[in-house]
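So the sequence lines, in the order shown, correspond to chains A and B. With the first letter of the first sequence counted as 1, position 293 gets the number 289 in my numbering; the numbers rise by one all the way through. With the first letter of the second sequence counted as 1, position 81 gets the number 77 in my numbering; the numbers rise by one all the way through. Ideal Cβ positions, reconstructed from N, Cα and C, are used throughout, including at glycine. The model shown is predicted, which means the values in this text are computed figures rather than measured ones.
2 protein chains.
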Amino acid sequence: MNIAVMGYGTVGSGVVEVFFENKELLEKRVRQPLAIKYILDLRDFPGDPHEDLLIKDFARIRDDAEVQVVAEAMGGVEPAFTFTKACLEQGKSVVTSNKELVAKRGAELLEIAAAHGCNYLFEASVGGGLPVLHPLHNCLSVNHIQEIAGIFNGTTNFILTQMIEEGSTFDQALAQAQSRGFAERDPSADVDGHDACRKICIMADMAFGHQIDPDAVPVEGISGITMEDVAYANLWGGVVKLIGRAVQEVPGGPVSVRVAPYFVPGGSQLGACKGVYNAILVRGNAVEDVVFYGQGAGKRPTASAILSDILECILLGGTDPSAGWSREPGMIADPDSQITAAYYRIKGCTQTQIEKAFGSVEFLTGDGVPSGETAFVTGALPERELVTARKALEGGGAEVLGKLRVLSI
Amino acid sequence: MNIAVMGYGTVGSGVVEVFFENKELLEKRVRQPLAIKYILDLRDFPGDPHEDLLIKDFARIRDDAEVQVVAEAMGGVEPAFTFTKACLEQGKSVVTSNKELVAKRGAELLEIAAAHGCNYLFEASVGGGLPVLHPLHNCLSVNHIQEIAGIFNGTTNFILTQMIEEGSTFDQALAQAQSRGFAERDPSADVDGHDACRKICIMADMAFGHQIDPDAVPVEGISGITMEDVAYANLWGGVVKLIGRAVQEVPGGPVSVRVAPYFVPGGSQLGACKGVYNAILVRGNAVEDVVFYGQGAGKRPTASAILSDILECILLGGTDPSAGWSREPGMIADPDSQITAAYYRIKGCTQTQIEKAFGSVEFLTGDGVPSGETAFVTGALPERELVTARKALEGGGAEVLGKLRVLSI
Chain A
-3 MNIAVMGYGT
7 VGSGVVEVFF
17 ENKELLEKRV
27 RQPLAIKYIL
37 DLRDFPGDPH
47 EDLLIKDFAR
57 IRDDAEVQVV
67 AEAMGGVEPA
77 FTFTKACLEQ
87 GKSVVTSNKE
97 LVAKRGAELL
107 EIAAAHGCNY
117 LFEASVGGGL
127 PVLHPLHNCL
137 SVNHIQEIAG
147 IFNGTTNFIL
157 TQMIEEGSTF
167 DQALAQAQSR
177 GFAERDPSAD
187 VDGHDACRKI
197 CIMADMAFGH
207 QIDPDAVPVE
217 GISGITMEDV
227 AYANLWGGVV
237 KLIGRAVQEV
247 PGGPVSVRVA
257 PYFVPGGSQL
267 GACKGVYNAI
277 LVRGNAVEDV
287 VFYGQGAGKR
297 PTASAILSDI
307 LECILLGGTD
317 PSAGWSREPG
327 MIADPDSQIT
337 AAYYRIKGCT
347 QTQIEKAFGS
357 VEFLTGDGVP
367 SGETAFVTGA
377 LPERELVTAR
387 KALEGGGAEV
397 LGKLRVLSI
Chain B
-3 MNIAVMGYGT
7 VGSGVVEVFF
17 ENKELLEKRV
27 RQPLAIKYIL
37 DLRDFPGDPH
47 EDLLIKDFAR
57 IRDDAEVQVV
67 AEAMGGVEPA
77 FTFTKACLEQ
87 GKSVVTSNKE
97 LVAKRGAELL
107 EIAAAHGCNY
117 LFEASVGGGL
127 PVLHPLHNCL
137 SVNHIQEIAG
147 IFNGTTNFIL
157 TQMIEEGSTF
167 DQALAQAQSR
177 GFAERDPSAD
187 VDGHDACRKI
197 CIMADMAFGH
207 QIDPDAVPVE
217 GISGITMEDV
227 AYANLWGGVV
237 KLIGRAVQEV
247 PGGPVSVRVA
257 PYFVPGGSQL
267 GACKGVYNAI
277 LVRGNAVEDV
287 VFYGQGAGKR
297 PTASAILSDI
307 LECILLGGTD
317 PSAGWSREPG
327 MIADPDSQIT
337 AAYYRIKGCT
347 QTQIEKAFGS
357 VEFLTGDGVP
367 SGETAFVTGA
377 LPERELVTAR
387 KALEGGGAEV
397 LGKLRVLSI
């Protein structure tokens, strides 16, 4: 069985490294010899131990009938889409960590795989090495999935952890993340929530059966989080986390998807998820709450997921007919109708005015709270009622200094 | 496709309940109609909605060629073993939540299943509804597994949580667990660690390929845990948890397995696992640390795992050739050579004497520490050196009031 690896960056080189290190184990699992025949990359790697496998021409992989499984670790939509499609059309299974491609065009590629009797698998696209898509599809599929809520992005979780535990400002924490290699020079895809959005969309696609367009999801990032927000979360008994969340209250009903920073209870599994780790909660109507936790990125953890998918392609033989979801967009719930509790930090109004607007709330008080402002957590209300209440206070001259939703998991 | 359910207690009735509730979903997944044809139980259930399916004679299941998959939810070794063996010999796949049977005779039943082209699956035997055996076998099998450490028993975790959060004594917490239905009248299988032992053995069997006899594993329960131990854990920054642990430092090398209460860091995923929940950490040489968290027991969560295994039997068709492990016991590491840090609570000796015996230690001091005693955490030492050091102090007249190992995860 011959494998090709496309892209020899962090992920691709991890796949090659772990493949050779654990080769005996992999071959025992599938009961046949395995080989990496090609590594595709436009760059040169002089002196690399696998220099003999490096090629620059994709057509050699596409046209070589001996290559049965391809690991795409290039990232981005193009040329990854074109290459993946060409491989699938040749009946070669493709596995990938490319969340952008899966989130944007997964349904289409799954259809092409099914039409050609091969598989398109992407465990590594969500949660890095953490097994979560496979258990969702295989172990939890006997459940109506009601909710998925998770910390999907290690970079932002590292930044928030620095703010919470070290008292860093957002800018300081971002600089630390960049100096330690956890954030890119242009950190916007992580910090603005787009990476987390792709991942919650992939999970929702699989759980609810319809492709959800990441561009249709309301996304808020973490760059506006202040040290005051972090301190108020602590007073409330929690921490600030960037959460991707998808909810389907009624089986087959509308799905609401959102990415935003939330207050999360400190002692919960999501609250205890620190640094570059990911934690993903799945709630089913029989299993109740299950949480998957692990390294959400990194060379070797991601390689673990890709190699596992390679073995699954070999063991499955033909297409898994239950994999995949419809290209038709599912029913998306009106974001303004979603029900959520929220934290506000406001100046220029009284507690009486606040409770008149929001109903009964929990005021956050304690040592070190700045004077001249009031912070509180509302009860669970529809988003539009939160907006109305806020406008009523602003109309009376109040100024909102901070606002975050509250996850009651 | 016809299913039989053996045992109509908590687990069996949960399987039937969720089956009918989610039947459409299950049938969609396997693309064929499904039916429960028999429910075996010696008791009568007058007025039960599924009374027409109830039978008392096992032979009707064994001899009915229309029954292809059997869910064994009887518990105990006999007659569950005899019935399971008879079903497998007829080519019927069997799925179960019966950890005692799998831990004692799993290898044998897996061999029989393989010889008859069917499957023996037992996801529900570890972690209740939490998917952990399937991900270990399917998603993490590309890793050399180095360590498994988990909270496998919800009853003891509920008791310890009550002691930690409510300040209950062990006896008070046990009574609360019994009154809430989380502990049996005779709680010894849970409290003494035997239930956790069966589960860590099943995970170690699967991870390391050899049947480990639960009777050969050193097991300590939680009945000796005092409120002082809980308070010292808090001073150290952690909590007391009953941990099942299996370590294989070198691939193919000896495996050390132990069940005992440990100090666990409070902010870790295992430390954050409270109440009746389970949390299981798996460390692989590529994926690093992964944690699976969920309800470790309960009617509907356990039913989720059993139904998932039923679907897997149907989807697999023939035997999964890589499932199973050798009946030959693997190499068990000498428990006295295991390296661990430990907490001691001692009276009748000085800090100088303690450091002379144990080397450099971390003394646990703070408000409310009783006078006349000293508590500390040692560095990582072989078990036999801990014993020697303790004996040296006891020889000098010291008395050990408490001792627990420390998990540095």
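Classification of GLN347(B) by the beta-carbon crowding that lies within 10 angstroms, buried from 16 upward: Exposed, because fewer than 16 other Cβ atoms sit within 10 Å of the Cβ of GLN347(B).
Cross-strand partners of THR370(A) (DSSP beta bridge): Beta-bridge annotation (DSSP): THR370(A) is paired with ILE342(A).
CB-CB length for TYR340(B) against VAL396(B), believed under 8 Å: 6 Å
Contact test: HIS112(B) Cβ vs the ligand FAD heavy atom, cutoff 7 Å: Questions concerning the ligand FAD fall outside what the structure shown contains, since it holds no ligand whatsoever.
Distance, ARG401(B) Cα to GLY233(B) Cα: 14 Å
Given 8 Å, three or more beta-carbon pairs between the region 2 to 18 of chain A and the region 275 to 291 of chain A: no
Contact list for ALA69(B) against chain A, beta-carbon separation under 8 Å: Per Cβ cutoff of 8 Å: no residues; ALA69(B) is ~14 Å from chain A at best.
The region 363 to 377 of chain A: positions lying closer than 8 Å to chain B by Cβ: none
Separation of LYS52(B) from GLU216(B), as counted between CA atoms: 39 Å
CA nearest to the CA of VAL272(A), picked from MET202(A), GLY125(A), SER264(A) and CYS193(A): GLY125(A)
Closer than 8 Å to chain B by CB, GLY8(A): Against chain B, the CB of GLY8(A) has no partner CB under 8 Å away; the residue lies outside that interface.
Near-chain B residues of the region 9 to 22 of chain A - C-beta to any C-beta below 7 Å: VAL14, ASN18, LEU21 and LEU22
CB contact check: HIS206(A) to chain B, cutoff 8 Å: no
Three CB pairs or more closer than 8 Å across the region 102 to 110 of chain A and the region 124 to 138 of chain A: Fewer than three beta-carbon pairs drawn from the region 102 to 110 of chain A and the region 124 to 138 of chain A are found closer than 8 Å, and the two stretches are therefore not classed as touching.
First through last residue of the beta strand (DSSP E) which encompasses ALA120(A): It is not in any beta strand (DSSP E) - ALA120(A) carries neither H nor E in the DSSP assignment.
Cα-Cα separation between PRO29(A) and SER264(B), rounded to whole angstroms: Each residue's alpha carbon lies about 40 Å from the other.
CA-to-CA distance, SER356(B) to PHE372(B), given in whole angstroms: 10 Å
Cβ contact check for the region 240 to 259 of chain A and the region 137 to 151 of chain A: 3 or more pairs under 8 Å: Contact between the region 240 to 259 of chain A and the region 137 to 151 of chain A is present, with at least three C-beta pairs closer than 8 Å.
One or two residues paired with LYS237(B) in a DSSP bridge: TYR258(B)
Residues near ARG279(A) by beta carbon distance below 6 Å, same chain, minus five either side: GLN142, GLU143 and ASP285
Rounded distance between the beta-carbons of GLY240(B) and LYS195(B), thought under 8 Å: 6 Å
For LEU126(A), the three-state DSSP class (helix, strand or coil): Coil at LEU126(A), not helix or strand.
Span separating the alpha-carbon of ALA76(B) from that of PHE118(B): 13 Å
MET327(A), buried or exposed, once every other Cβ within 10 Å from all chains shown has been counted against 16: exposed
Between the CA atoms of VAL63(A) and GLN86(A) - distance to the nearest angstrom: Cα-Cα distance, rounded: 10 Å.
Nearest-angstrom Cα separation, counted from ASP48(B) out to GLY262(B): Within the model, the alpha-carbon separation for GLY262(B) versus ASP48(B) is close to 51 Å.
Touch test, the region 4 to 23 of chain B against the region 369 to 389 of chain A, Cβ-Cβ under 8 Å, three pairs minimum: Using a Cβ-Cβ distance cut-off of 8 Å, the region 4 to 23 of chain B and the region 369 to 389 of chain A are not in contact, since fewer than three pairs of beta carbons, one from each stretch, lie closer than that value.
Cβ-based burial, GLU68(B) [other Cβ within 10 Å; buried from 16]: buried
Residue ranges of each alpha helix (DSSP H) within the region 251 to 318 of chain A, 4 or longer: As far as the region 251 to 318 of chain A is concerned, its whole alpha helix (DSSP H) runs of at least 4 residues are 295 to 312.
Selection of the region 284 to 302 of chain A by Cβ proximity to chain B, strictly under 7 Å: GLU284, ASP285, VAL286, VAL287, PHE288, TYR289, GLY290, GLN291, ARG296, PRO297, ALA299 and SER300
Per-residue contacts from LEU136(A) into chain B (C-beta, under 8 Å): In chain order: PRO127, SER300 and SER304.
Three-way DSSP call (helix, strand, coil) for SER356(B) in this model: In the structure shown, SER356(B) sits in coil (DSSP, three-state: anything other than H, G, I, E or B).
Buried versus exposed, by CB contacts within 10 Å (16 or more), GLU308(A): buried
Three-state secondary structure (DSSP) of LEU397(A): DSSP, reduced to helix, strand and coil, places LEU397(A) within a strand of the structure shown.
For ILE335(A): DSSP bridge partner residues: For ILE335(A), which the question treats as bridged, DSSP gives the partners PRO378(A).
8 Å Cβ cutoff, ARG27(B) in contact with chain A: Interface flag for ARG27(B) against chain A is set, since a Cβ pair is found closer than 8 Å.
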